[in-house]
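> Reading the sequence shown from the start, the letters are residues 47 to 179 in my numbering.
For glycine and all other residues, C-beta sits at the position ideal for the given N, C-alpha and C.
No experiment lies behind these values; they were computed from the predicted model shown.
Provided herewith is a single structure, encoded as structure tokens, for subsequent inquiry.
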Amino acid sequence: MKLKLKKLLHSEHPQHEILAFAMMGIGLILICNDFYFFWPPFAVEVLNDDLVGGIFIAIGVWLFSWAISNKNSISTNRNLLIITAGLLAFEAIAEFCHGYISGHPHMFTAGFLEVIILLFDFSIISKSKKHNY
47 MKLKLKKLLH SEHPQHEILA FAMMGIGLIL ICNDFYFFWP PFAVEVLNDD LVGGIFIAIG
107 VWLFSWAISN KNSISTNRNL LIITAGLLAF EAIAEFCHGY ISGHPHMFTA GFLEVIILLF
167 DFSIISKSKK HNY
């Protein structure tokens, strides 16, 4: 029993798993809060759509499944990490814009947390294999 549990929890890519859980958490927050974004006025409906949170969750699940898989493709890893970086950069910029417009400090805090997760993603990208040798 202990061996099965250890085998199940053991991963070659723990940083990818942490990043995947962060992406899924951000996605859940965006899905659960239908009035999270309020600026710019013309994009509020699109930004608050559950599809945006669903994209975060889908990328998180895909990243997690890549991390626990035995068949890890380098190109899939690279593409997932780049998509993750793009989503996190977009989210961080949106948080900072909302913080500036509204003056709410929690938006700045969320923006800084997004930047920290983005830097964590960049560190994973820099340490990941780039080619099959």
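Below 8 Å between beta carbons: does that hold for M70 and I103?
Start at 1 with the first residue of the sequence shown, and residue 70 comes out as number 24. Start at 1 with the first residue of the sequence shown, and residue 103 comes out as number 57. Going by C-beta atoms, M70 is nearer than 8 Å to I103.
> Would you tell me roughly how many angstroms separate the C-alpha atoms of K173 and F166, rounded to the nearest one?
Within the sequence shown, residue 173 is the residue found at index 127, counting from 1. Within the sequence shown, residue 166 is the residue found at index 120, counting from 1. Computed Cα separation, rounded: 11 Å.
> Using 8 Å as the threshold, is the segment 133–145 in touch with the segment 153–163, meaning 3 or more CB pairs across them?
Segments in contact, yes.
> Using DSSP with H/G/I as helix, E/B as strand and the rest coil, what is W112?
Residue mapping note: residue 112 aligns to position 66 of the sequence shown, counting from 1. If DSSP states are grouped into helix, strand and coil, W112 belongs with the helices.
> Please state whether the Cβ-Cβ distance between L65 and L133 is less than 8 Å.
Here residue 65 is taken as the residue at index 19 of the sequence shown, counted from 1. Here residue 133 is taken as the residue at index 87 of the sequence shown, counted from 1. The answer is no: Cβ separation not under 8 Å.
> Give every residue of the same chain whose Cβ lies closer than 8 Å to the Cβ of F67, excluding the five residues on either side of it in the sequence, and list them in chain order.
Residue numbering aside, residue 67 sits at position 21 when the sequence shown is read from its first letter. The residues are G106, F110.
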